[in-house]
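Add 12 to the 1-based position in the sequence shown for the numbering used here, that's all there is to it.
Below is one structure, written out as structure tokens; comments come after it.
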Amino acid sequence: RCTIIVLPFLFLILSQNILNMKKITLSFLMLCATASALLAQTPVRFKNEVFTDAQIQVQTGIKFATNFNWLIINQSDLTSLVNQTQVYNEIVQLKTLLATKKAIPTKYYLPKAAPGGDSTILKVTDLKMDAYMPNPSIDNMAKRPIIIYLHTGDFLPPGINGSPCGDKGDSSVVEICKGFARRGFIAIAIDYRLGWNPIATTEQERRGTLLNAVYRSIHDTKECVRVIKALEAQGNPYKFDASKIALFGEGTGGYIASAYSTLDKYAEIELPKFINPLSGKSYIDTSKVGYLDGTKGALNLYFPSATDTKVQVTANIGGALADSSWLEAGDAPVISMHCVRDPFAPFNNGTVIVPTTNEDVVEVQGANIAVKRAQRLGNNAIFATIPNGDPYTIKARSLYNKTVDYLYPAPDDKITINNGEGMYPVLLPKGPAILYNQASPWQWWDSTTAAATRVVAAPSTTAHMASKASNPDMSKSKSKRYQDTIHGYITPRIALAMGLLTANDLSVKSAKVTGVTIYPNPAQNTLTVRYKGAINAITITDLSGKVVFTTEVSGNSYTIPSLNLTKGMYIVNVATEAGLANEKLMIK
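Structure, rendered in structure tokens:
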């Protein structure tokens, strides 16, 4: 593109100034400066927005699968000896109908309480996806990479789960998907099956039903990946590039995305915490719910397929991994944005709790452990090659190796944020109690919906009120700020892992921010940095690029009391709300 801009004008300059070398030199330098400025301002697809909302096409309700609906199947009916023959016959009928591509009778979709819904024990649901993409008539890219969005929701519908959110139509899902599409991706927000028993009286039942819900949702996601790859092979109506698929999970969806590539051995669902002490066997019975690839199993309607389910990268915001031992060398790279003091999805090692009852479910590992392990195994090595040149990278790295106040009483009142390339720690002020710490600051919702006004705790606590406890200043503008960070940090790294960008593409700096002052300069030991707006982080490097000081900042001024640097020239990089500023610093 630079060649196209420069050469015609260079030819013109040469033809007009062939006798005046001084003019040629001056004109050439001015032209190169102009071309460089134009090039610096040119948006980079997959990193910057290259399409507008008006150029985005949204198709909703695209069916991709049908399977058993565990929200309305009565578990006791399945285990009743009286019903065994009927259950078997219904399984055979449903599998035959799907295999022959025939319609499933309506009675299988209706709950027993509905007229006409009493005649079957088994119930099914259709899973659908919403696709956000640059309009193919405008976008000249032959095949576009895909990001599959897995929504949050605790495997229960909005309202029932104690939150106004929990659907692929959540406001934050829609806006983040549009952001992916504006950057040139196809974003696909999908359904996955819900259903478990959070109010069970025993931890064993809560754990067993939740683990099976996660397992089924992984199967649903794998079926979606197979359908996408099949669509590409069958005419490709959406211009998919099925060789470049990323998973992006929010909250509960983050657990699914994290487990998708890492749960790949049967021994991994037979770890001690996944064994039911009453039976001595895994909570997950693969003969019933299906194999690891998502197919077969008596109570599973997905068929074996030659189409693979590989994805290139997984990302999550506010998710965790069921067990970090699942991570092995060669797994897909992992990107995570996680609130350090998230009370529901542990940032470090912790126990998942039921949001509405605070009962324990199962121990998991959050980003602080999972991403560090991914880096140590070499899966995240590509992210360490990103130069320290953009405010999002600088902000994340400024928190690495920092020890901060944590959620619990001593001796667990402190936590050290690991140096995990691919992890963006969100460090917000500590709440007055554990459950009042922020978990999902990127969310916002309409407080007047039926889900938001549903009473979830006595005497009159609504889902809106309960969710505000961990998102007290919830608003669309606040959500937008966090979405900007998601797209500034996670989205380019997805593109990097897919081979769509290089590490240097991520380091391209925006126009220099003005108004930052550092003093005294030259300095000896103390340095103050001041800006008219908010400062996010300060990093000082020597002239070779080595980081000699870094810190997170909250405010418009920060004083470094002890630099302890040798004499010489340094660069002070200041990440502000408006972008990055660089100032030279002399130590005398």
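We put the beta carbon where it would ideally sit given N, CA and C, even for glycine.
Which of helix, strand or coil does DSSP assign to GLY362?
-> Against the sequence shown, residue 362 aligns to sequence position 350. In this structure, GLY362 counts as strand in the three-state DSSP scheme.
What did DSSP end up calling ALA469 once you bin it into helix, strand or coil?
-> By one-based count along the sequence shown, residue 469 stands at place 457. Note: ALA469 maps to strand in three-state DSSP.
Short Cβ contact (8 Å threshold) for THR540 with ILE583 = Locating residue 540 in the sequence shown gives position 528, counting from the first residue. Locating residue 583 in the sequence shown gives position 571, counting from the first residue. Not a contact, by the Cβ cut-off of 8 Å.
Which whole-angstrom value describes the C-beta separation of LEU363 and PRO210, a residue pair presumed to lie in contact below a C-beta threshold of 8 Å?
-> Here residue 363 refers to the residue found at position 351 when the sequence shown is read from its first residue. Here residue 210 refers to the residue found at position 198 when the sequence shown is read from its first residue. Rather than Leu, the amino acid found at residue 363 in this sequence is Thr. So it is not a contact: roughly 14 Å between Cβ atoms.
Mind checking which residues open and close the beta strand (DSSP E) that includes ALA481?
-> Start at 1 with the first residue of the sequence shown, and residue 481 comes out as number 469. Element bounds for ALA481: n/a, residue is neither H nor E.
Below 8 Å, can you find three or more Cβ-Cβ pairs linking the region 144 to 155 to the region 69 to 88?
-> yes
Buried or exposed by the 16-neighbour rule on C-beta atoms within 10 Å, applied to GLY263 = Residue 263 sits at position 251 when you count from the first residue of the sequence shown. So GLY263 ends up on the buried side.
Would you check if the distance between the CB atom of ASN79 and the CB atom of ASN312 is smaller than 8 Å?
-> Your numbering for residue 79 matches position 67 in the sequence shown. Your numbering for residue 312 matches position 300 in the sequence shown. For ASN79 and ASN312, yes; Cβs fall inside 8 Å.
CA-CA distance, SER273 and VAL323?
-> The residue given as residue 273 occupies position 261 in the sequence shown. The residue given as residue 323 occupies position 311 in the sequence shown. SER273 and VAL323: Cα-Cα distance of roughly 8 Å.
Going by DSSP, which residues form a beta bridge with TYR531?
-> Residue mapping note: residue 531 aligns to position 519 of the sequence shown, counting from 1. Note: TYR531 sits in a beta bridge opposite THR540.
Going by the beta-carbon positions, is the gap between ALA269 and GLY330 smaller than 8 Å?
-> The residue given as residue 269 occupies position 257 in the sequence shown. The residue given as residue 330 occupies position 318 in the sequence shown. No, Cβ-Cβ distance for ALA269 and GLY330 is not below 8 Å.
Go ahead and label ILE150 buried or exposed: buried means 16 or more other beta carbons lie within 10 angstroms of its beta carbon, across all protein chains shown.
-> Counting from one through the sequence shown, the residue named residue 150 turns up at place 138. Exposed, since its Cβ has fewer than 16 Cβ neighbours within 10 Å.
DSSP three-state assignment for ASP554, whether helix, strand or coil = Mapped onto the sequence shown, residue 554 falls at position 542. In this structure, ASP554 counts as strand in the three-state DSSP scheme.
Every unbroken beta strand (DSSP E) within the region 189 to 225, with a cutoff of 3 residues, ordered by chain = Qualifying beta strand (DSSP E) stretches, in chain order: 198 to 202.
Three or more beta-carbon pairs under 8 Å between the region 458 to 466 and the region 171 to 179, yes or no?
-> yes
Contact set for HIS163: own chain, Cβ-Cβ below 7 Å, skip 5 residues either direction | By one-based count along the sequence shown, residue 163 stands at place 151. Excluding positions up to five away in sequence, the list reads GLY178, ASP179, LYS180, ASP182, VAL185, ALA201, GLU262, GLY265.
CA-to-CA distance, ARG466 to MET435, given in whole angstroms | For the purposes of this step, residue 435 is taken as residue 423 along the sequence shown, with counting starting at 1. For the purposes of this step, residue 466 is taken as residue 454 along the sequence shown, with counting starting at 1. Taking the straight line joining both Cα atoms gives about 35 Å.
Taking LEU90 as part of the alpha helix (DSSP H), name the residues at either end of that continuous run.
-> For the purposes of this step, residue 90 is taken as the residue at position 78 of the sequence shown. DSSP places LEU90 inside the alpha helix (DSSP H), whose first and last residues are 87 to 91.
Kindly indicate which three-state DSSP category GLU187 falls into: helix, strand or coil?
-> Within the sequence shown, numbered from 1, the residue matching residue 187 stands at position 175. Of the three classes helix, strand and coil, the one that applies to GLU187 here is helix, per DSSP.
What residues are listed by DSSP as bridge partners for PHE252?
-> Along the sequence shown, one-based indexing puts residue 252 at 240. BP columns for PHE252 point to ARG156.
Can you round the beta-carbon distance between MET598 and ASN537 to whole angstroms, since I take them to be within the 8 Å contact cut?
-> The residue you call residue 598 lines up with position 586 of the sequence shown. The residue you call residue 537 lines up with position 525 of the sequence shown. The C-beta distance from MET598 to ASN537 rounds to 13 Å, too long to meet the 8 Å contact threshold.
Beta bridge counterpart(s) of TYR570 as assigned by DSSP | As a position in the sequence shown, residue 570 is number 558, starting the count at 1. According to DSSP, which records beta bridges pairwise, TYR570 is partnered with VAL541.
ASP402 classed as buried or exposed, judged by whether at least 16 other C-beta atoms fall within 10 angstroms = Position 390 of the sequence shown holds residue 402. Label assigned to ASP402: buried.
Indicate the three-state DSSP secondary structure (helix, strand or coil) for LEU50 in the structure shown.
-> Looking up residue 50 in the sequence shown gives position 38. Only weak support exists for where LEU50 lies, its pLDDT of 38 falling under 50; the value from the coordinates is given anyway. It is helical.
Anticipated Cβ contact below 8 Å, ARG353 with ASN449, distance rounded = One-based indexing of the sequence shown puts residue 353 at position 341. One-based indexing of the sequence shown puts residue 449 at position 437. Correct: roughly 4 Å between the Cβ atoms.
Which residue or residues does DSSP assign as beta-bridge partners of ASN60?
-> On the sequence shown, residue 60 is found 48 positions in, with the first residue counted as 1. The bridge partners DSSP lists for ASN60 are ARG57.
According to the neighbour-count rule (16 or more other Cβ atoms, all chains shown, within 10 Å of its Cβ), is ASP335 buried or exposed?
-> Here the question's residue 335 lines up with position 323 in the sequence shown. Classification for ASP335: buried.
Nearest candidate by alpha-carbon position, reference TYR204, set TYR250, GLU187, MET141 | Residue 204 sits at position 192 when you count from the first residue of the sequence shown. For the residues TYR250, GLU187, MET141, the minimum Cα distance to TYR204 belongs to MET141.
Looking only at its own chain, which residues have a Cβ that is under 8 Å from the Cβ of ILE498, when we skip the five neighbours before and after it?
-> Reading the sequence shown from its first residue, position 486 is the one you call residue 498. Result list for ILE498: ILE188, GLY191, ILE329, MET349, TRP454, in chain order.
If we ignore side chains and look at the alpha-carbon of each, how far apart do PHE167 and LEU206 end up?
-> Locating residue 167 in the sequence shown gives position 155, counting from the first residue. Locating residue 206 in the sequence shown gives position 194, counting from the first residue. Distance between the alpha carbons of PHE167 and LEU206 is about 4 Å.
Enumerate in chain order the residues of its own chain whose CB-to-CB distance from ALA535 is below 8 Å, with the five nearest sequence positions on each side excluded.
-> In the sequence shown, the residue the question calls residue 535 occupies position 523. Close CB contacts of ALA535 within its chain, under the 8 Å cut and outside five residues either way in sequence, are with LEU575, LEU597, MET598, ILE599, LYS600 (chain order).
From the DSSP output, read off the bridge partner residues of GLN377.
-> Residue 377 sits at position 365 when you count from the first residue of the sequence shown. Its beta-bridge partners are LEU333, ASN361.
Assuming THR321 contacts VAL383 (C-beta within less than 8 Å), just tell me the rounded distance between them.
-> For the purposes of this step, residue 321 is taken as residue 309 along the sequence shown, with counting starting at 1. For the purposes of this step, residue 383 is taken as residue 371 along the sequence shown, with counting starting at 1. Contact flag wrong, Cβ pair sits at about 23 Å.
Out of curiosity, what's the CA-to-CA distance linking ILE398 and THR415?
-> Residue 398 sits at position 386 when you count from the first residue of the sequence shown. Residue 415 sits at position 403 when you count from the first residue of the sequence shown. C-alpha separation (whole angstroms): 24 Å.
Run through the region 276 to 352 for me and flag every whole beta strand (DSSP E) of 3 or more residues, listed as ranges in chain order.
-> 325 to 329, 346 to 351, all fully within the region 276 to 352.
8 Å Cβ shell around ASN516 - same chain, five flanking residues per side excluded | Taking the sequence shown and counting its residues from 1, one reaches residue 516 at position 504. Cβ neighbours of ASN516 beyond the five flanking positions: PRO399.
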